[in-house]
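Enquirer: This is the structure I want to talk about, given as structure tokens.
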């Protein structure tokens, strides 16, 4: 129960403040409307829900950053879909982003600066030197490889579906392989990362910053 509460606390910082809804609602609505009414109505509906989410944040006095970014992304995706003449265009920006992210993960592993460690450093502000400790870096390297496999597989499946003309399948891979699958990936990354750090026997962030000598208690929360 304690681990579950810890995991939920970590996720609230990642997907809280309506960020999950802002990211998931437009493509989900696009998929439904495209199946029922066609491409044009689906694009209009996705853009409209993005605008409504931004207005909702404004009325409630909440931060607009994620809603505005989401609205801009949906507008670009809708224009891309209309330009391509098919629903695959809606997910083209996501496909390009997935390809770049997969490549970034692989390159970061090759240069021994795993991308997951860099994103954690930016989010948490922990010293970079801790991530490069020989008893810490392997955990972040392995999780980064898992990220590369996840995004690469999603990219391959969605691209294959669109190339075969299975637009509906490609659309739903994009929807379900977006935030729903990403949340599961983040959960698995967090749990595996902490388990792996414990196995590696390295110092916690606090122990590293104090310059404490082994034996170490190790990282117990946060990855």
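Residue numbers (this note's numbering): 3 to 225. Glycine included, each C-beta is placed from N, C-alpha and C at the ideal position.
Hey, would you say residue 75 sits closer than 8 Å to residue 156, going by beta carbons?
Expert: No, these two residues do not count as a Cβ contact at 8 Å.
Enquirer: So, at 8 Å on beta carbons, what are the nonlocal neighbours of residue 87 in its own chain, with the 5 sequence-adjacent residues on each side left out?
Expert: Hits under 8 Å: 41.
Enquirer: Flag this pair as yes or no: are the beta carbons of residue 148 and residue 110 separated by less than 8 Å?
Expert: Contact flag unset, no.
Enquirer: Compare the C-alpha of residue 51 against each of 136, 115, 27, 178 and name the closest.
Expert: Checked all of 136, 115, 27, 178; the closest Cα to residue 51 is 27.
Enquirer: Output needed for residue 77: all residues of its chain with C-beta closer than 8 Å, excluding positions within five of it in sequence on either side, in chain order.
Expert: Closer than 8 Å at the Cβ level, and outside the excluded window around residue 77, lie 49, 52.
Enquirer: Assuming residue 220 and residue 205 make a contact with CB atoms under 8 Å, what is their CB distance in whole Å?
Expert: Confirmed, about 7 Å.
Enquirer: Determine the direct distance from the alpha carbon of residue 164 to that of residue 105, and round the result to whole angstroms.
Expert: Between residue 105 and residue 164, the C-alpha separation is close to 21 Å.
Enquirer: In this structure, how does DSSP classify residue 114 when only helix, strand and coil are distinguished?
Expert: Coil, per DSSP.
Enquirer: Terminal residues of the continuous alpha helix (DSSP H) containing residue 136?
Expert: Careful: residue 136 lies outside any alpha helix (DSSP H) and carries neither H nor E.
Enquirer: Alpha carbon to alpha carbon, how far is residue 122 from residue 140? Give it in angstroms, no decimals.
Expert: Taking the straight line joining both Cα atoms gives about 14 Å.
Enquirer: Go to residue 210, then tell me how far its alpha helix (DSSP H) extends in each direction, as first and last residue.
Expert: That run of the alpha helix (DSSP H) goes 207-212.
Enquirer: Suppose contacts are defined by Cβ-Cβ distances below 8 Å. Is residue 176 in contact with residue 160 by that definition?
Expert: Against a cut-off of 8 Å, the Cβ pair of residue 160 and residue 176 comes out as a contact.
Enquirer: Spell out a yes or no on whether the stretch 122-138 and the stretch 89-97 are touching, meaning 3 or more CB-CB pairs, one atom from each, closer than 8 Å.
Expert: Verdict: no, contact absent.
Enquirer: The alpha helix (DSSP H) spanning residue 59 covers which residue range?
Expert: Counting along the chain, the alpha helix (DSSP H) containing residue 59 begins and ends at 41-61.
Enquirer: Assign residue 61 to buried or exposed, taking buried as 16 or more other Cβ atoms, counted over all protein chains shown, within 10 Å of its Cβ.
Expert: The residue is exposed, with fewer than 16 neighbouring Cβ atoms inside 10 Å.
Enquirer: In chain order, what residues of the same chain have a beta carbon less than 7 Å from the beta carbon of residue 33, not counting five sequence neighbours either side?
Expert: Once the five neighbours on either side are set aside, the close Cβ partners of residue 33 are 173, 174, 177.
Enquirer: Starting from the N-terminal side, write out each stretch of the alpha helix (DSSP H) that is 4 residues or longer and does not extend beyond the stretch 88-112.
Expert: If we require 4 residues or more, the alpha helix (DSSP H) runs fully inside the stretch 88-112 come out as 94-112.
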